[in-house]
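Here's the structure, in C-alpha cells; my notes come after.
Protein chains in written order, with our numbering: chain A, 272 to 392; chain B, 497 to 639.
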C-alpha cells in the first residue's frame, strides 16, 4: 500500500489543505434491509448491525470515532409516512442506534440508509 | 510504521470480496428484562477483513479503549494487526467488540442470555418481533 503525503490539494487555481478532504469524507455508511436482517450492498466502517426490535437497529463501527459528537444523516427508503431518528443518548465512539417511526410515532421496520461525518480516533 | 486502521480497512475493502456469515448472535440485556432479544448481524466487509488477517487490531485494545474518555487518544487504530481468524473466531471477536461485557463476561444468572446460532434459526416472521426471547430449552428463539 502506498501513501500520497501532501499538505494541499489544488486544481491549479484553488488550493485547500488535505485535511479538509480527509476529514470531510464520510467515515461510515450503510444501507440495511427493512427488517434489519443484514446490510444491502456496500458498507463502510461497519462491523455489525444489531436488530434490537421492530424499527430499532444499532450499528457498530470497526474504526471508532474520536468522540461521540459526530454528525449523522439518514433516510428511510419509503414513499411516505416514516422517519429515521438517532437518540442522542445512544451515541458512543463505537456504535449508535437508529429508530424508524411510522406516521403514528410507533417504531416500525423499514429500509434505511445512514452515514456519519466526524473525526476518527 | 503501522498504518491507521481506517487505511487498512480501505485497503482490505478494495481487494477482498465481502463474506456473508452463516452465524447470528442472539442476546438479551439482563438490565432490561422487558426488552426483546437482540440479533447481531456481522458486516460482510468486516468478516472479509477478519478472515483475511492483518487488518483488525487485537480485541483487547478495543476493550481497553472502552474506558478511554471521549477525545482522548485510543489504542486500537495503531495496534499491531492480528492474523487470519476462522469464521467462528471472528464471531467471538465481534461478540467481545460489539456486545456489552455485562452480557458476555459479567452475567452470573442462570438464564441463557446469549447464543451463537446459524442464520436459519432466526425467525423470518416479525409479527411479534418485540416479544422475541431466547428459548431456554431449544436452539432457537420463540415469540
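Idealized CB from N, CA, C, for every residue including glycine.
Is the beta carbon of residue j closer than 8 Å to that of residue i?
i: residue 380 of chain A; j: residue 535 of chain B; result: no
i: residue 335 of chain A; j: residue 629 of chain B; result: no
i: residue 537 of chain B; j: residue 320 of chain A; result: yes
i: residue 626 of chain B; j: residue 532 of chain B; result: yes
i: residue 337 of chain A; j: residue 567 of chain B; result: yes
i: residue 573 of chain B; j: residue 391 of chain A; result: yes
i: residue 539 of chain B; j: residue 314 of chain A; result: yes
i: residue 345 of chain A; j: residue 308 of chain A; result: no
i: residue 331 of chain A; j: residue 376 of chain A; result: no
Which chain B residues are close to residue i, counting only those with a beta carbon under 8 Å from its beta carbon?
i: residue 310 of chain A; result: 537, 539 and 540
Flag residue i as yes if its beta-carbon sits less than 8 Å from any beta-carbon of chain B, otherwise no.
i: residue 324 of chain A; result: yes
i: residue 335 of chain A; result: yes
i: residue 278 of chain A; result: no
i: residue 338 of chain A; result: yes
So the alpha helix (DSSP H) residue i belongs to, where does it begin and stop?
i: residue 292 of chain A; result: 289-294
i: residue 330 of chain A; result: No alpha helix (DSSP H) contains residue 330 of chain A, which is instead part of the beta strand (DSSP E) from 327-332.
i: residue 543 of chain B; result: 540-548
i: residue 555 of chain B; result: 555-561
i: residue 517 of chain B; result: Here residue 517 of chain B belongs to no alpha helix (DSSP H), and DSSP marks it neither H nor E.
i: residue 511 of chain B; result: 501-511
i: residue 354 of chain A; result: Counting along the chain, residue 354 of chain A falls outside any alpha helix (DSSP H), though it belongs to the beta strand (DSSP E) covering 354-356.
i: residue 589 of chain B; result: 583-594
Quick check on DSSP: helix, strand or coil for residue i?
i: residue 321 of chain A; result: strand
i: residue 654 of chain B; result: A question about residue 654 of chain B goes unanswered here, because the residues of chain B that appear run from 497 up to 639.
i: residue 378 of chain A; result: strand
i: residue 373 of chain A; result: coil
Say whether chain A places a C-beta atom closer than 8 Å to the C-beta of residue i.
i: residue 626 of chain B; result: yes
i: residue 502 of chain B; result: yes
i: residue 593 of chain B; result: yes
i: residue 579 of chain B; result: no
i: residue 532 of chain B; result: yes
i: residue 512 of chain B; result: no
Mind pulling the chain A residues with CB within less than 7 Å of residue i?
i: residue 590 of chain B; result: 318 and 319
Which residues in chain A sit within 8 Å of residue i, going by Cβ to Cβ distance?
i: residue 622 of chain B; result: 306, 325 and 380
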